[in-house]
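Trainee:
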Ligand SMILES: NC(=O)c1ccc[n+]([C@@H]2O[C@H](COP(=O)([O-])OP(=O)(O)OC[C@H]3O[C@@H](n4cnc5c(N)ncnc54)[C@H](O)[C@@H]3O)[C@@H](O)[C@H]2O)c1
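Numbering (our numbering), first residue to last: 802 to 1133.
#1: Out of curiosity, what's the CA-to-CA distance linking residue 877 and residue 1084?
#2: Leaving out five residues on either side along the sequence, give the residues of the same chain with a beta carbon under 6 Å from the beta carbon of residue 955.
#3: Taking the C-alpha atoms as reference points, what is the distance between residue 922 and residue 895?
#4: Are residue 853 and residue 1073 close, meaning C-beta to C-beta below 7 Å?
#5: For residue 910, which option in 962, 997, 934 and 860 has the closest C-alpha, if you only look at C-alpha atoms?
#6: Please tell me whether residue 1003 and residue 948 are closer than 7 Å, where the distance is taken between their beta carbons.
#7: In this structure, how does DSSP classify residue 1062 when only helix, strand and coil are distinguished?
#8: For the beta strand (DSSP E) containing residue 1016, name the first residue and the last one.
#9: Considering only the alpha carbon of each residue, which of 1118, 994, 1047 and 1017 lies closest to residue 873?
#10: Measuring from the CB of residue 942, is there a heavy atom of ligand 1 at a distance below 6 Å?
#11: Going by the C-beta, is residue 1069 closer than 6 Å to any heavy atom of ligand 1?
#12: Quick one: is the Cβ of residue 889 within less than 6 Å of any heavy atom of ligand 1?
#13: Taking only runs that begin and end inside the segment 940-1013, name each unbroken alpha helix (DSSP H) of 4 or more residues, in chain order.
#14: Of the choices 886, 1131 and 1064, whose alpha-carbon is the least far from that of residue 1095?
#15: Do residue 963 and residue 881 have their beta-carbon atoms positioned less than 7 Å apart in this structure?
#16: What does residue 881 pair with, by DSSP beta-bridge criteria?
#17: Output the distance between the C-alpha atoms of residue 1027 and residue 1041, rounded to the nearest integer angstrom.
#18: I'd like to confirm something about residue 910: is its beta-carbon nearer than 6 Å to some heavy atom of ligand 1, or not?
#19: Examine the Cβ distances between the segment 1014-1033 and the segment 958-973 and report whether three or more of them are shorter than 8 Å.
#20: Do residue 969 and ligand 1 come close, with the Cβ less than 6 Å from some heavy atom?
#21: Cβ of residue 1044 within 7 Å of Cβ of residue 1064?
#22: Would the beta-carbon of residue 966 be found less than 6 Å away from any heavy atom of ligand 1?
#23: Rounding to the nearest angstrom, what Cα-Cα distance links residue 994 and residue 855 in this structure?
#24: Do residue 1025 and residue 1070 come within 7 Å of each other at the CB atom, strictly closer than that value?
#25: Considering only heavy atoms of ligand 1, does any lie closer than 6 Å to the CB of residue 1126?
#26: So the candidates are 972, 1037, 1048 and 975; which of them puts its Cα closest to the Cα of residue 1005?
#27: Taking DSSP as the reference, what is the three-state secondary structure of residue 824?
#28: Evaluate residue 931 with the Cβ neighbour count: other Cβ atoms within 10 Å of its Cβ, from every protein chain shown; 16 or more gives buried, anything less gives exposed.
#29: Report all residues from its chain with a CB closer than 8 Å to the CB of residue 835; omit the five preceding and five following residues, and keep chain order.
#30: Could you confirm whether any beta carbon from chain B is found closer than 7 Å to the beta carbon of residue 1048?
#31: Given a cut-off of 7 Å, decide if residue 933 and residue 1105 are closer than it, judged by their beta-carbon atoms.
#32: Using DSSP with H/G/I as helix, E/B as strand and the rest coil, what is residue 865?
#33: For the beta strand (DSSP E) containing residue 924, name the first residue and the last one.
#34: Would you mind reading off the limits of the beta strand (DSSP E) that contains residue 1035?
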C-alpha cells in the first residue's frame, strides 16, 4: 500500500541523501517506521549493515551472529589531528583515538619539541604494536595560514583526513570583568575561539578534499554554558560559549558533505590548566568536587570514550550537539 502524500521530512531526508524517490512511492508501512521489506530504499545504510534489529530479522537461523557494537566504535585506518595534543586532555584523546584503531594522529602544539609526557605516551603506544602512529607538529593555532598549509601537507602524506579534535586552549588568572584589559581578552579569544575555528577549517578542508566526510570535535567547556562560581573568567567563559555556537553553525553548513561537527564540554578535570589553581589553592579541590552530584572532579581518561564515540561511526547521526561531560555539575 502506498501513501499518496509523503511527509515533508521524509521527502527532505531522501533528497539530501540523493535517493531520488518521488514522495508518492513511499509506502505507509515505511512511514510508520516498520521494517517492511523495501524500507531500506529510503534509508541511508550503515557501513556495518546488516546491523542491530534489522540484522536479527534478516539473519538465517543456521548462522551464528557476531556482535557488532564495537566495530561501530572502531577508527580503523583513520587519520586525524588533535590541537593541544602535547599534554593534558588533547594528548589523552589522541592516544584513545590511536587505541581505537586510527592509523595516524598528529598532535599540534606550541613547543618546538614535544614534552616528556608526549614522548612516553608515543613509546607506550609503540609497545602496543597496533600499527598506530602518534606524530608531533609544532605550530601555533592562531596562525591560520600556517595551520591550513601544515594540515594540507598531512593530507598529502596520509591521503585522508577523518578526525579533528580542537583542544588547544588557555585560561588566565582571575581578572575583574569591568577592567578586563583588551589585549588579554583578545589573546584568550584568539586561542580558544579563533584557533579552534582555524583548526577545524584546516581539517575540514582536507575532509572536503578527500570526500569521505569526517568528524570534527571542538573542545569547549561547561564554562560555555554555566559560569564557574567565584571565578572571574569572563574571557574564558565567553570564548567557550562562542565555540558552542561555532559547532552548531559549522554542523549546519557541513552536514551535506557528511562532515559532522560537535562540541565536547568537559567539567573540572585535573590537568596543567587546572593545576594552576588547584595546586596553589588546595581548598578548591573539595569545593569543585562538591559542585557536582558525583562529588569529585573528573580524570583526563574520562574523555576517552566520549571522544572515540564522537570520532567514530557510532555517533553517525550526531552533529551540531554539545556533549557535556561534567559529572553533572551543569545539572545543579
Ligand atoms: N582541564 C579542565 O578542567 C578543562 C575543562 C573544560 C575544558 N577544558 C578545555 O580542554 C582543552 C585542553 O585543556 P587541558 O586541561 O588539557 O589544558 P592544558 O593546558 O594541559 O592543555 C592545553 C594545550 O593547549 C596548548 N596551546 C595553548 N595555546 C596554543 C596555541 N596558540 N597553539 C597551539 N597549542 C596551544 C598548550 O600548549 C597545551 O598543551 C582546553 O581547550 C580547555 O579549555 C579543560
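Built from N, CA and C at the ideal position, the CB exists for glycine as well.
Mentor: Reading from the atomic positions:
#1: For the purposes of this step, residue 877 is identified with residue 76 of the chain shown, where counting begins at 1. For the purposes of this step, residue 1084 is identified with residue 283 of the chain shown, where counting begins at 1. Taking the straight line joining both Cα atoms gives about 44 Å.
#2: The residue you call residue 955 lines up with position 154 of the chain shown. Here the set comprises 907.
#3: Counted from its first residue, the chain shown places residue 922 at position 121. Counted from its first residue, the chain shown places residue 895 at position 94. Computed Cα separation, rounded: 10 Å.
#4: In the chain shown, counting from the first residue as 1, residue 853 sits at position 52. In the chain shown, counting from the first residue as 1, residue 1073 sits at position 272. No, they are not a contact pair.
#5: Walking along the chain shown from the start, residue 910 turns up at place 109. Of 962, 997, 934 and 860, the residue nearest in Cα terms is 997.
#6: By 1-based counting over the chain shown, the position of residue 1003 is 202. By 1-based counting over the chain shown, the position of residue 948 is 147. A contact, by the Cβ cut-off of 7 Å.
#7: As a position in the chain shown, residue 1062 is number 261, starting the count at 1. In this structure, residue 1062 counts as strand in the three-state DSSP scheme.
#8: One-based indexing of the chain shown puts residue 1016 at position 215. 1015-1020 is the span of the beta strand (DSSP E), which, as asked, contains residue 1016.
#9: As a position in the chain shown, residue 873 is number 72, starting the count at 1. Comparing Cα-Cα distances from residue 873 to each of 1118, 994, 1047 and 1017, the minimum goes to 1118.
#10: Here residue 942 refers to the residue found at position 141 when the chain shown is read from its first residue. The answer is yes for residue 942.
#11: Sequence index remark: in the chain shown, residue 1069 carries index 268 (1-based). Indeed, a heavy atom of ligand 1 lies less than 6 Å from the Cβ.
#12: As a position in the chain shown, residue 889 is number 88, starting the count at 1. It does: the Cβ of residue 889 is within 6 Å (strictly closer) of some heavy atom of ligand 1.
#13: 945-959, 983-990 and 996-1011
#14: In the chain shown, counting from the first residue as 1, residue 1095 sits at position 294. Closest by alpha carbon: 1131.
#15: In the chain shown, counting from the first residue as 1, residue 881 sits at position 80. In the chain shown, counting from the first residue as 1, residue 963 sits at position 162. Yes, the pair counts as a contact, with Cβ atoms nearer than the cut-off.
#16: As a first step, residue 881 must be located in the chain shown, where it is residue number 80. According to DSSP, which records beta bridges pairwise, residue 881 is partnered with 906 and 964.
#17: To locate residue 1027, count along the chain shown from 1; it is residue 226. To locate residue 1041, count along the chain shown from 1; it is residue 240. Answer to the nearest angstrom: the Cα atoms are 10 Å apart.
#18: Translated into the one-based positions of the chain shown, residue 910 becomes position 109. Yes, the beta carbon of residue 910 sits closer than 6 Å to at least one heavy atom of ligand 1.
#19: yes
#20: Here residue 969 corresponds to residue number 168 of the chain shown, with the count starting at 1. Yes, the beta carbon of residue 969 sits closer than 6 Å to at least one heavy atom of ligand 1.
#21: In the chain shown, counting from the first residue as 1, residue 1044 sits at position 243. In the chain shown, counting from the first residue as 1, residue 1064 sits at position 263. Contact flag set, yes.
#22: Counted from its first residue, the chain shown places residue 966 at position 165. Result no, Cβ not under 6 Å from ligand 1.
#23: Within the chain shown, numbered from 1, the residue matching residue 994 stands at position 193. Within the chain shown, numbered from 1, the residue matching residue 855 stands at position 54. The straight-line gap from Cα to Cα measures roughly 42 Å.
#24: Walking along the chain shown from the start, residue 1070 turns up at place 269. Walking along the chain shown from the start, residue 1025 turns up at place 224. For residue 1070 and residue 1025, no; Cβs fall outside 7 Å.
#25: Here residue 1126 refers to the residue found at position 325 when the chain shown is read from its first residue. Residue 1126: no, Cβ never under 6 Å from ligand 1.
#26: What you label residue 1005 is simply residue 204 of the chain shown in a count that begins at 1. Ranking the options by Cα distance to residue 1005, first place goes to 1048.
#27: Within the chain shown, residue 824 is the residue found at index 23, counting from 1. No answer about residue 824 holds up, because its pLDDT of 30 lies below 50 and its placement is not dependable.
#28: Position 130 of the chain shown holds residue 931. Exposed, since its Cβ has fewer than 16 Cβ neighbours within 10 Å.
#29: Within the chain shown, residue 835 is the residue found at index 34, counting from 1. Only weak support is given to the placement of residue 835: the predicted model assigns it a pLDDT of 41, under 50, and the question is left unresolved by the model.
#30: In the structure shown, chain B does not exist; there is a single protein chain.
#31: Walking along the chain shown from the start, residue 1105 turns up at place 304. Walking along the chain shown from the start, residue 933 turns up at place 132. No.
#32: As a first step, residue 865 is located in the chain shown; it is residue number 64 there, counting from the start. Three-state result, residue 865: coil.
#33: As a first step, residue 924 is located in the chain shown; it is residue number 123 there, counting from the start. Segment 917-929 is the alpha helix (DSSP H) holding residue 924; no beta strand (DSSP E) there.
#34: Translated into the one-based positions of the chain shown, residue 1035 becomes position 234. Run containing residue 1035: none in the beta strand (DSSP E); it sits in the alpha helix (DSSP H), 1035-1055.
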